[in-house]
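Residue numbers (our numbering), protein chains in the order written: chain P, 1 to 134; chain U, 1 to 304; chain R, 1 to 120.
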């Protein structure tokens with residue numbers, strides 16, 4: 001299952017586009033609809049942007065997922081940045097995100113099916129999101 | 001092979017890997033013997049199985065010739081799975097078979113039924129062969145049963161999965177065909193929503209509407225929800241998102257037929273109804289849409 | 001990659017091709033503001049037809065551009081947002097609420113013409 005793994009280093013804003021395009025391509029290979037591929041690419045863009053804005057550098061890992069019944073895509077955005085002091089606050093936000101402040105994490109969660117975050121001040125952040133193909 | 005000690009919390013327990021190996025070798029040996037028997041008696045056992053299938057009136061959707069052809073493939077796959085003790089090939093075959101027979105109307109209970117019949121036919125023949133040696137019969141069955149059950153499981157699950165996939169495809173096709181976005185006037189679209197909307201249907205409607213806005217270059221959309229009894233927060237959110245997404249495409253949305261209950265749901269999820277363009281009924285909504293588009297509806301005077 | 005800015009009467013038209021770097025967006029902002037002032041434009045159309053993803057950064061930047069252009073007396077219209085992109089945007093909560101939007105270039109120009117006429 002590690003055969004379908006793609007790693008994209010995120011060092012500057014120019015890597016964001018590359019990461020989301022690889023994500024779109026992988027989503028298309030997995031048979032996701034064009035609309036879903038756009039959602040996935042957008043989520044990747046947001047996560048990569050967070051890395052650039054807050055951690056300077058990190059990595060986006062894209063992986064195929066497969067269980068007994070269906071396939072999907074997993075995106076892991078990891079960095080060694082400053083970490084998030086209050087995760088609950090970062091995840092709060094109502095449905096109308098201002099889009100101007102914050103990490104946009106609630107939005108990313110809405111775009112994908114599963115969402116996990118691990119972060120500690122001084123220890124970096126890892127966000128894992130998954131989307132299954134219906 | 002050296003003995004390995006397994007260290008646990010309690011007294012040290014030594015497991016002898018040699019004994020385990022001998023055990024699994026014996027099983028494989030038995031399975032080989034079993035497989036040889038099944039191959040030798042292939043013609044007869046397959047015939048018996050087909051006979052049982054027609055007796056129990058399974059696979060009525062297929063002709064005798066078809067049943068015989070499929071039975072041969074299933075039998076051979078079954079025996080091969082027993083022989084190789086791997087099930088990937090069987091799974092692939094089961095999926096392939098399901099793709100062929102599902103359009104013929106074959107049902108789950110039939111597929112499960114015939115696989116179990118084969119299991120029984122083969123078991124009976126083992127009883128017959130080894131009846132003189134009770135201990136050997138037991139050991140043969142010890143080897144056979146887990147494998148046979150796994151085979152039945154693999155085939156049944158493969159069939160069910162394929163069936164579910166087919167049903168999903170059909171549902172999707174039905175949804176696509178029933179495009180409810182109507183162009184009433186130039187630049188004006190109406191989307192009447194009726195009945196129970198689940199999140200998936202809601203998403204599909206939104207996608208169809210947005211595509212419709214682009215194709216028809218609509219400037220105003222009237223979404224009528226008179227026919228929607230209730231809406232949970234998730235679907236209500238979809239409605240709000242539809243309104244917002246339509247605006248991004250340059251179209252104004254008028255929502256008509258908003259019941260007090262649904263209005264309440266919207267307020268609960270934080271929607272400012274003052275900002276949403278709502279009109280009581282569809283008629284009123286269309287009239288407002290026409291005004292927005294610069295139409296004026298004037299009755300033609302009666303001929304004198 | 002530089003974004004071409006065309007002038008059509010009192011309207012400036014900027015067509016964004018695919019993915020822009022942060023630097024490109026910054027250049028676009030500066031370029032549009034300069035030209036609005038230079039030509040005393042009344043309207044700016046930003047065509048995002050080729051953008052296949054609009055994330056919060058892009059959305060924020062477009063709103064900032066619109067804001068700065070408004071300060072210089074002109075109105076901005078974003079045109080060409082694709083249906084799928086619109087869907088992703090609203091799920092992310094990006095509504096571009098204080099910016100005008102239109103279906104495409106034609107509609108954007110029609111909208112601005114209506115507004116300008118009403119300014120007579």
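Quick reminder that beta carbons are idealized off the backbone N, C-alpha and C, glycines included.
Within 7 Å of chain R by C-beta, residues of the stretch 4-28 of chain P in sequence order | 13, 14, 17 and 20
Would you mind giving the Cβ-Cβ distance between residue 79/R and residue 55/R, rounded to the nearest angstrom? I have them listed as a contact below 8 Å.
-> Not really, about 19 Å apart at Cβ, beyond 8 Å.
Can residue 34/U and residue 143/U be called in contact, C-beta distance under 8 Å?
-> yes
Going by alpha carbons, who is nearest to residue 98/R out of 145/U, 155/U and 248/U?
-> 248/U
Run of the alpha helix (DSSP H) containing residue 91/P, from where it starts to where it stops = 87-91
Is residue 285/U helix, strand or coil when you go by DSSP?
-> Residue 285/U: helix per DSSP, three-state reduction.
Using a beta-carbon distance below 8 Å, is residue 52/U in contact with chain R?
-> Under the Cβ criterion of 8 Å, residue 52/U is not counted among the residues facing chain R.
Run through DSSP, which three-state label would residue 133/P get?
-> coil
Count the C-beta pairs between the stretch 84-98 of chain U and the stretch 158-173 of chain U that are closer than 8 Å, then say yes if the count reaches three, no if not.
-> The stretch 158-173 of chain U and the stretch 84-98 of chain U touch, with three or more beta-carbon pairs separated by less than 8 Å.
If you pair each beta-carbon of the stretch 46-60 of chain R with each one of the stretch 77-94 of chain R, do three or more pairs fall below 8 Å?
-> yes
Report the rounded CA-to-CA distance for residue 263/U versus residue 253/U, giving the unit in angstroms.
-> 16 Å
Note down, in chain order, each residue of its chain lying with its Cβ closer than 8 Å to the Cβ of residue 137/U, except the 5 sequence neighbours on either side.
-> These residues qualify, in order along the chain: 126, 127, 130 and 131.
Please go through the stretch 73-123 of chain U and give each complete alpha helix (DSSP H) segment of 4 or more residues, from N-terminal end onward.
-> 88-101
Please state whether DSSP places residue 95/P in a helix, a strand or coil.
-> Residue placement at residue 95/P is poorly supported in this model, since its pLDDT is 36, which falls under 50; the coordinates still yield a value, given next. Note: residue 95/P maps to coil in three-state DSSP.
Ordered along the chain, which non-local residues of its own chain (more than five positions away) have a Cβ less than 6 Å from that of residue 113/U?
-> Answer for residue 113/U: 58, listed in chain order.
Residue 32/P - DSSP class collapsed to helix/strand/coil | coil
Pick from 294/U, 31/U, 302/U and 208/U that is closest to residue 114/R, judged by C-alpha positions = 294/U
Locate the beta strand (DSSP E) running through residue 244/U, then write down its first and last residues.
-> Segment 233-248 is the alpha helix (DSSP H) holding residue 244/U; no beta strand (DSSP E) there.
Residue 77/P: contacting residues in chain R (beta-carbon distance under 8 Å) | Neighbours of residue 77/P on chain R: none; closest Cβ ~13 Å, over 8 Å.
Where does residue 227/U fall in DSSP's three states?
-> strand
How big is the Cα-Cα spacing for residue 44/U and residue 31/P?
-> 45 Å
Pull up the DSSP beta-bridge partners for residue 65/P, would you.
-> 72/P
Pull up the DSSP beta-bridge partners for residue 119/P, would you.
-> 125/P
Determine the contact status of residue 10/P and residue 60/P, defining contact as a CB-CB distance below 8 Å.
-> Using a Cβ distance threshold of 8 Å, residue 10/P and residue 60/P count as a contacting pair.
Kindly provide the ranges of any alpha helix (DSSP H) runs that are 4 or more residues long and lie completely inside the stretch 147-218 of chain U, ordered along the chain.
-> Along the stretch 147-218 of chain U, the alpha helix (DSSP H) occurs as fully enclosed runs of 4 or more residues at 199-216, listed in sequence order.
Would you kindly report the start and end of the unbroken beta strand (DSSP E) that includes residue 7/P?
-> 5-10
Neighbourhood of residue 22/P by C-beta distance below 7 Å, restricted to the same chain and skipping five residues each side = 6, 8 and 62
Among the residues of its own chain, which have a CB less than 6 Å from the CB of residue 68/R, if the five just before and after it don't count?
-> 33
Residue-chain proximity (residue 60/R, chain U), Cβ-Cβ < 8 Å = no
Pairwise C-alpha distance: residue 117/P and residue 40/P | Taking the CA atoms as reference points, residue 40/P sits about 17 Å from residue 117/P.
Taking Cβ to Cβ, would you say residue 250/U is nearer than 8 Å to residue 275/U?
-> no
Helix, strand or coil: which one does DSSP assign to residue 8/R?
-> strand
Residues within the stretch 39-57 of chain P neighbouring chain R, beta-carbon criterion of under 7 Å = If the cut-off is 7 Å between Cβ atoms, the stretch 39-57 of chain P has 39, 41, 42, 45, 46 and 49 near chain R.
Could you confirm whether any beta carbon from chain P is found closer than 8 Å to the beta carbon of residue 171/U?
-> Judged by the 8 Å Cβ criterion, residue 171/U is not in contact with chain P.
Within 7 Å: the Cβ of residue 136/U and any heavy atom of the ligand ZN?
-> The model depicted lacks the ligand ZN and carries no ligand whatsoever.
4-residue-minimum alpha helix (DSSP H) runs that sit fully inside the stretch 22-66 of chain R, ordered along the chain | 22-39
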